[in-house]
Structures are given as C-alpha cells and as structure tokens.
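Written out below as structure tokens is the structure these notes cover.
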Amino acid sequence: MTLTPTMLREYDREAPAPRETETATFALGCFWGPEAQFGALEGVVRTRVGYAGGTKRNPTYHALEDHTEVFQVDFDPAVISYADLLEQVFQSHNPRHQSRNTQYQNIVFAATPGQREVLDQFLADKEYSDDAIETRIEQLGEFYLAEEYHQKHSLQSRPGLADAFETADYNNAELRESPAAAKLNGHAGGHTLPEDDDLATIVGGTSRGR
Ligand code: MHO
302 MTLTPTMLRE YDREAPAPRE TETATFALGC FWGPEAQFGA LEGVVRTRVG
352 YAGGTKRNPT YHALEDHTEV FQVDFDPAVI SYADLLEQVF QSHNPRHQSR
402 NTQYQNIVFA ATPGQREVLD QFLADKEYSD DAIETRIEQL GEFYLAEEYH
452 QKHSLQSRPG LADAFETADY NNAELRESPA AAKLNGHAGG HTLPEDDDLA
502 TIVGGTSRGR
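Under this note's numbering, the first residue of the sequence shown is numbered 302, with each subsequent residue one higher.
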C-alpha cells in the first residue's frame with residue numbers, strides 16, 4: 302500500500318486536536334534525532350524543533366548564542382504522561398554527563414506548575430539531586446521555532462515519504478504540525494511505530510534501508 306493524500310489528511314483530521322494535548326519541551330543534543338524518536342511514541346501527537354534555554358531574542362541556527370537545540374512534543378495525556386516522557390528522556394541520555402557546547406546540552410524544561418511537580422517528584426524518586434546530575438532542569442522560557450529545513454528532518458531526507466506530503470499539498474507549517482508527519486518522521490528515523498497505528502500497517506514495522 303502507498304501513502305495517499307486522503308490517508309494523510311484523514312489521519313491528521315482524526316488525531317486529537319491541539320486543545321486536547323499538553324506540550325513538553327526537552328533538549329537531548331542535535332534535535333533531529335529525538336524529534337524522530339519521541340514522534341514515534343504512542344500518545345505523542347505532534348512534534349516540532351526549536352531553540353530555547355537562552356536569553357538572545359529570535360535566535361537562528363547560525364546565530365544561536367546562548368540557546369540550545371530543543372524538541373517539543375504535544376502528547377495526549379490520556380495515552381502517555383509527562384512522567385512517562387521523563388522516563389524516556391532519562392533513558393535516552395546520561396544525566397551524569399553534559400556537553401560543553403550549549404547548542405547540544407541536555408535540558409529538561411517544566412512549562413507549568415503541574416509539570417514542575419511531576420518533575421520534582423521524578424527527580425527525588427531517582428535520587429537525581431542537583432549535585433548528582435549534570436542535566437539542566439529549568440523553567441521553560443521563550444521557545445523559538447527552528448527553520449523549516451530542520452523540522453521533521455528524517456522525513457524530509459526520505460524522498461519517498463516527503464513526496465507523499467507534497468502530493469497532498471502540505472505547506473511547511475502543515476507538515477511541521479502534522480500528526481502523520483510526526484509518526485512517519487519517527488519511522489524514517491528508524492523507530493518502530495505503535496502496532497495499532499494506521500500508518501504502521503502501511504509503512505511496516507521497521508524502516509532503515511527501505
Ligand atoms: N550539522 C550537524 C548537526 C546538525 S544538528 C541540527 C550535522 O549535519 O549532523 O545540530
């Protein structure tokens with residue numbers, strides 16, 4: 302089976318609306334990888350990459366200054382929790398190591414008092430005190446979207462998949478915010494999609510080299 306425009310548009314229409322999802326922001330090195338990894342998770346509906354953690358106004362990839370590459374996930378709290386995401390984040394990096402390069406540092410951002418509460422409990426349970434870990438724990442300030450060529454990078458690097466969105470007339474913003482694109486970006490990055498996901502049945506279980 303191939304990906305048709307109808308299939309993509311329908312998948313996106315049936316996904317939980319933005320008002321039904323919560324947003325979490327993390328930094329785990331070059332943002333291309335984790336955007337794909339987290340986009341493949343069941344309950345993660347939308348993803349995007351950007352810059353945060355610094356003070357410079359309107360940073361860009363080539364003028365980042367004190368900002369860090371970050372990725373955002375809009376998740377359906379009925380399916381996956383912020384605590385589940387924290388588990389994944391801490392399985393995906395070594396909290397006792399930190400990059401010297403601000404661009405690629407590991408940061409967990411809390412965006413709301415609710416997230417902060419869950420985060421503090423998580424850190425206490427794991428005995429990840431300030432002294433024990435190098436990962437930066439911060440309140441989310443301004444988030445700046447990254448350039449379009451950084452969004453869904455794995456997907457955009459796979460002509461076979463990217464073409465399907467072009468045929469369906471997705472513009473840059475639609476591609477960035479597309480739930481189908483989040484999943485297919487995960488697939489393109491080599492991650493397994495949830496078994497009962499409609500797109501998994503089309504693209505198959507694994508992806509590399511196909
Ligand atoms: N320029 C590096 C890292 C990109 S990442 C968005 C590369 O091509 O792998 O920082």
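Cβ atoms here follow ideal geometry from the backbone N, Cα and C, with glycine treated the same way.
Which of helix, strand or coil DSSP assigns to residue i
i      : result
Asp426 : helix
Ile408 : strand
Ala353 : strand
Thr369 : strand
Leu342 : coil
Gln440 : strand
Tyr471 : coil
Thr307 : helix
Ala282 : The displayed coordinates of the chain run from 302 to 511. Any statement about residue 282 would go beyond what the structure contains.
Leu500 : helix
Phe332 : coil
Val374 : strand
Thr512 : One cannot answer for residue 512 here, as it falls past the ends of the chain, which runs 302 to 511.
Glu435 : coil
Glu323 : strand
Arg459 : coil
Arg511 : At Arg511 the pLDDT is 42, less than 50, meaning the model places this residue with poor confidence; the figure from the coordinates comes in the next sentence. Note: Arg511 maps to coil in three-state DSSP.
Arg477 : helix
Leu485 : helix
Arg417 : helix
Leu386 : helix
Arg314 : helix
Contact under 9 Å by Cβ, residue i with residue j
i      : j      : result
Trp333 : Ser430 : no
Phe289 : Val371 : In the structure as shown, the chain starts at 302 and stops at 511, and residue 289 therefore has no counterpart that could be examined.
Val374 : Gly415 : no
Thr436 : Val409 : yes
Thr326 : Asp367 : no
Ala469 : Thr305 : yes
Gln389 : Gln338 : yes
Leu309 : Tyr471 : yes
Gly487 : Leu387 : no
Pro396 : Ala433 : yes
Phe376 : Glu336 : no
Gln440 : Ala412 : yes
Ala503 : Thr303 : Note that residue 503 corresponds to Ile in the displayed sequence, not to Ala. Cβ distance < 9 Å, so Ile503 and Thr303 count as in contact.
Arg319 : Arg347 : Inspection of the sequence shows that residue 319 is occupied by Pro rather than by Arg. Taking 9 Å as the Cβ cut-off, Pro319 and Arg347 qualify as a contacting pair.
Gly344 : Ala379 : yes
Asp498 : Lys484 : yes
Quick one: any contact between the segment 419 to 433 and the segment 328 to 348, if contact means 3 or more CB pairs under 8 Å?
-> At 8 Å Cβ cutoff, the stretches do not touch.
Does the segment 349 to 360 come within contact of the segment 380 to 390, defined as at least 3 CB pairs closer than 8 Å?
-> Between the segment 349 to 360 and the segment 380 to 390, the count of Cβ pairs shorter than 8 Å is below three; the stretches do not touch.
Cβ pair count under 8 Å reaching 3, the segment 303 to 314 against the segment 473 to 490 | The segment 303 to 314, when compared against the segment 473 to 490, does touch it at the 8 Å Cβ threshold.
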